[in-house]
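Sequence lines, in order, name chains V and U.
Each residue of the first sequence is one higher than the one before, starting from 0 at the first, in numbering that gives the first Met the number 0.
Each residue of the second sequence is one higher than the one before, starting from 0 at the first, in numbering that gives the first Met the number 0.
Beta carbons are placed, not taken as given, at the ideal position from N, Cα and C, and that holds for glycine.
Note that this is a predicted model, so its numbers are computed, not measured.
Protein chains: 2
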Amino acid sequence: MPSKPAPPITIDAVYAAPGYLFRRMQQIAVSIFMEECKAFDLTPVQYAALIAIHTHPGIDATRLSAVIAFDRSTLGSVIERLQAKDFVERKPAPEDKRIKLLYLTKSGATILREIIPAVERAQARMLEPLKPAERKALMGLLVQLVDLNNEASRVPLRAEDALEHLGKAG
Amino acid sequence: MPSKPAPPITIDAVYAAPGYLFRRMQQIAVSIFMEECKAFDLTPVQYAALIAIHTHPGIDATRLSAVIAFDRSTLGSVIERLQAKDFVERKPAPEDKRIKLLYLTKSGATILREIIPAVERAQARMLEPLKPAERKALMGLLVQLVDLNNEASRVPLRAEDALEHLGKAG
DNA sequence: TGTTGATTGACAGTATACTGACGATCTAGG
DNA sequence: CCTAGATCGTCAGTATACTGTCAATCAACA
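Shown next, in the form of structure tokens:
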């Protein structure tokens, strides 16, 4: 009895593979974001860092990397760029000489307020081709999948755990 | 009458935003791929290039970039690395001195055949946390969304158009 | 208290990605 | 035939990402 025939090796298999579709949607999402926000000279990553620092003033880089699921190594240069644009400032922590605390500058808070509508337009455009019910279904599935796959990628801490020492109530 | 209150500016809005979820799933997908395929020293991008060249032998770099939705600029270094590993070779096109045609080497064809099971395990793992019906729903929505958003990111040609001159029947 | 182990920020090295530009080449139109 | 425009591969510059490593620092335990 011959063994089971090998599946055909063609690019068409790639087009239907989750990995390819996620990469493609990420490309598209970044492209749409940059288009809507080009007046602000902020990347999606820089925007996420900004809003996270706004939400958690005085957070340090390691915890920030957990909160927005960046690599700690990458975050250094991201913060440098935000610092160069005068959107963020770093202050040494009094009790721990290793840590530098992150705060928004006045410019940072301003640009964050101003960019929000553009960001929301971008997020809406990404899903625009789908019908409303489909958008909701897709988002629900994605939230679930990302949550359940959380440990699959190198994220040192879960966001909630990362914030334990920040003195946040609720 | 006061104007509509501004939405709160917090990181929680980011967690539910499509752009964030797509970036996160892309991170997770790459991480799972690399884990399953680490014995082969191939990245997802290099794998896609390999299988596309296998499907379309003699394709040139520009058309390849359209077929797998890469940036043309990025593809140069990807091919270089595949060439350094002796998985791909480039031959000058006789009729057009600008073009270099891409072919798999014997090693390239071999590793492609061998890596397929690992790639399939990786693709399956990405969706594993979902129930079968949910996986199908998610993939359906993603295929649709990527297709309808195709022109949103810089892809010079649609895959079908890119292949017109390759003499492919069907 | 003194040392071990963990944590923090930083860095080097590699690999995508995208913009914009360039010379070499090809193609069409006049 | 000869030039204007398009295309090809490439490169420089910028921005994510990840692995692995390191010195400085801190925390915990013997």
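query, result
"Is it buried or exposed, glutamate 150(V), if we count other Cβ atoms within 10 angstroms and call 16 or more buried?", "exposed"
"Once the 5 residues before and after valine 13(U) are set aside, which same chain residues still bring their CB inside 7 Å of it?", "Tyr19"
"What number of angstroms, rounded off, separates the C-alpha of glutamine 45(U) from the C-alpha of aspartate 95(V)?", "44 Å"
"Less than 8 Å between the C-beta atoms of arginine 89(U) and leucine 103(U), yes or no?", "no"
"How big is the Cα-Cα spacing for serine 76(U) and isoleucine 8(U)?", "40 Å"
"DSSP on aspartate 146(U), reduced to helix/strand/coil?", "helix"
"For a contact defined as C-beta to C-beta under 7 Å, what are the partners of threonine 104(U) on chain V?", "Chain V residues near threonine 104(U): none, gap ~15 Å exceeds 7 Å."
"Does the distance from the CB of valine 142(U) to the CB of alanine 15(V) come in under 8 Å?", "yes"
"Evaluate proline 131(V) with the Cβ neighbour count: other Cβ atoms within 10 Å of its Cβ, from every protein chain shown; 16 or more gives buried, anything less gives exposed.", "exposed"
"Is it a yes or a no for the stretch 112-126 of chain U touching the stretch 38-56 of chain U, going by three-plus beta-carbon pairs under 8 Å?", "yes"
"Does glycine 18(V) have its Cβ less than 8 Å from a Cβ in chain U?", "yes"
"Looking at the secondary structure, which residues open and close the beta strand (DSSP E) in which proline 116(U) lies?", "It is not in any beta strand (DSSP E) - proline 116(U) instead sits in the alpha helix (DSSP H) that spans 105-126."
"Just to make sure I have the definition right: I need the residues of chain U whose C-beta is within less than 9 Å of the C-beta of proline 212(V). Which are they?", "There is simply no residue 212(V) to check, as chain V begins at 0 and stops at 169 in what is shown."
"Can you check whether the CB of arginine 124(U) is closer than 8 Å to the CB of isoleucine 50(U)?", "no"
"For aspartate 59(U), does the three-state DSSP call read helix, strand or coil?", "strand"
"How far does the beta strand (DSSP E) with glutamate 88(U) in it extend, from its first residue to its last?", "87-91"
"Round the Cβ separation of leucine 147(U) and proline 128(V) to the nearest angstrom and send it over; I've been treating them as touching at under 8 Å.", "3 Å"
"Suppose the cutoff is 6 Å on Cβ atoms and the five residues either side in sequence are ignored; what does the same chain contact list for alanine 168(V) look like?", "Note that alanine 168(V) has pLDDT 32, beneath the 50 cutoff, so the model's placement of it is unreliable and the number below is only indicative. There are no such residues."
"So with Cβ pairs under 8 Å, would you call glutamate 133(V) a contact of chain U?", "yes"
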